[in-house]
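Reviewing the structure listed below.
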Amino acid sequence: MTYRCDHVHLRSRDAVAAAGFYVAMFEAREVARVGADPVQRVVLDLGGLTVFIEQAPPETNPAATTPCLGIEHIGLRVEDIEAALGDLTGRGVVVRTPITERGPGLRIAFVEGPDGALIELLERKAA
Numbered sequence: 041m042t043y044r045c046d047h048v049h050l051r052s053r054d055a056v057a058a059a060g061f062y063v064a065m066f067e068a069r070e071v072a073r074v075g076a077d078p079v080q081r082v083v084l085d086l087g088g089l090t091v092f093i094e095q096a097p098p099e100t101n102p103a104a105t106t107p108c109l110g111i112e113h114i115g116l117r118v119e120d121i122e123a124a125l126g127d128l129t130g131r132g133v134v135v136r137t138p139i140t141e142r143g144p145g146l147r148i149a150f151v152e153g154p155d156g157a158l159i160e161l162l163e164r165k166a167a
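So the working numbering is basically just the index in the sequence shown, starting at one, shifted up by 40.
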C-alpha cells in the first residue's frame with residue numbers, strides 16, 4: 041500500500057478572501073474555483089501542496105484554540121526567517137509566536153492566517 045499527500049482542506053467564512061491571503065502572502069497560485077456565486081471551493085497550489093479552501097456555512101464552528109488535537113498548523117519552509125517574518129508583518133500579518141530556536145539549525149515562528157489558521161515558518165540550516 042502506498043500513500044501520498046493529496047491535499048489540505050481548509051474552511052473559511054470567505055473562501056475567496058482567504059485564498060487571496062495565501063496568494064498575496066505566500067505566493068500560492070490559484071488553480072481552480074468550484075461553483076459560482078457563492079464559490080464553493082478555491083483550489084490553490086502552495087509550494088507544491090494542493091490546498092482546498094471551502095466556503096463554510098454560517099453554522100460552522102470557529103477554529104480550535106491552539107495548541108489543540110488534530111491538524112494544528114501548516115508549516116512553510118523559508119530560506120531566511122527574519123526576512124520572511126519582516127515581510128509578512130510589514131503587510132499586516134499577525135505574529136502568534138516570534139522566532140524561536142528549536143535545535144541545531146532549526147528556527148521557527150508562527151503567524152495567523154484567515155479564520156484563525158496557524159501557519160508555521162521554518163528555517164532549516166545545516167547544523
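Where is the CB? At the ideal position from N, CA and C, for every residue including glycine.
Quick caveat, the model's predicted, so the values are computed rather than measured.
For the beta strand (DSSP E) holding I114, just list the boundary residues, first then last. Along the sequence shown, read from residue 1 onward, the residue named residue 114 stands at position 74. Taken as a continuous stretch (DSSP letters only), the beta strand (DSSP E) holding I114 covers H113 to R117.
Compute the Euclidean distance between the alpha carbons of A96 and V48, then round it to the nearest angstrom. Position 56 of the sequence shown, counting from 1, holds the residue named residue 96. Position 8 of the sequence shown, counting from 1, holds the residue named residue 48. Approximately 15 Å between the Cα atoms of the pair.
Counting beta carbon pairs with one atom in the segment 60–71 and one in the segment 126–136, are three or more of them shorter than 8 Å? Between the segment 126–136 and the segment 60–71, the count of Cβ pairs shorter than 8 Å is three or higher; the stretches touch.
Hey, how far is the Cα of P78 from the Cα of A166? By one-based count along the sequence shown, residue 78 stands at place 38. By one-based count along the sequence shown, residue 166 stands at place 126. A straight line joining the alpha-carbon of P78 with that of A166 spans about 47 Å.
Nearest neighbour of S52, chosen from L162, A157, L161 and R164 [CA to CA]: In the sequence shown, counting from the first residue as 1, residue 52 sits at position 12. Out of L162, A157, L161 and R164, A157 has the C-alpha closest to the C-alpha of S52.
Under a Cβ-count criterion, where at least 16 other Cβ atoms within 10 Å of its own Cβ denotes burial, should L161 be classed as buried or exposed? Here the question's residue 161 lines up with position 121 in the sequence shown. It counts as buried.
Ranges of the alpha helix (DSSP H) found wholly within the segment 76–146, counting only runs of at least 4: Entirely contained in the segment 76–146, the alpha helix (DSSP H) runs reaching 4 residues are, in chain order, 121–130.
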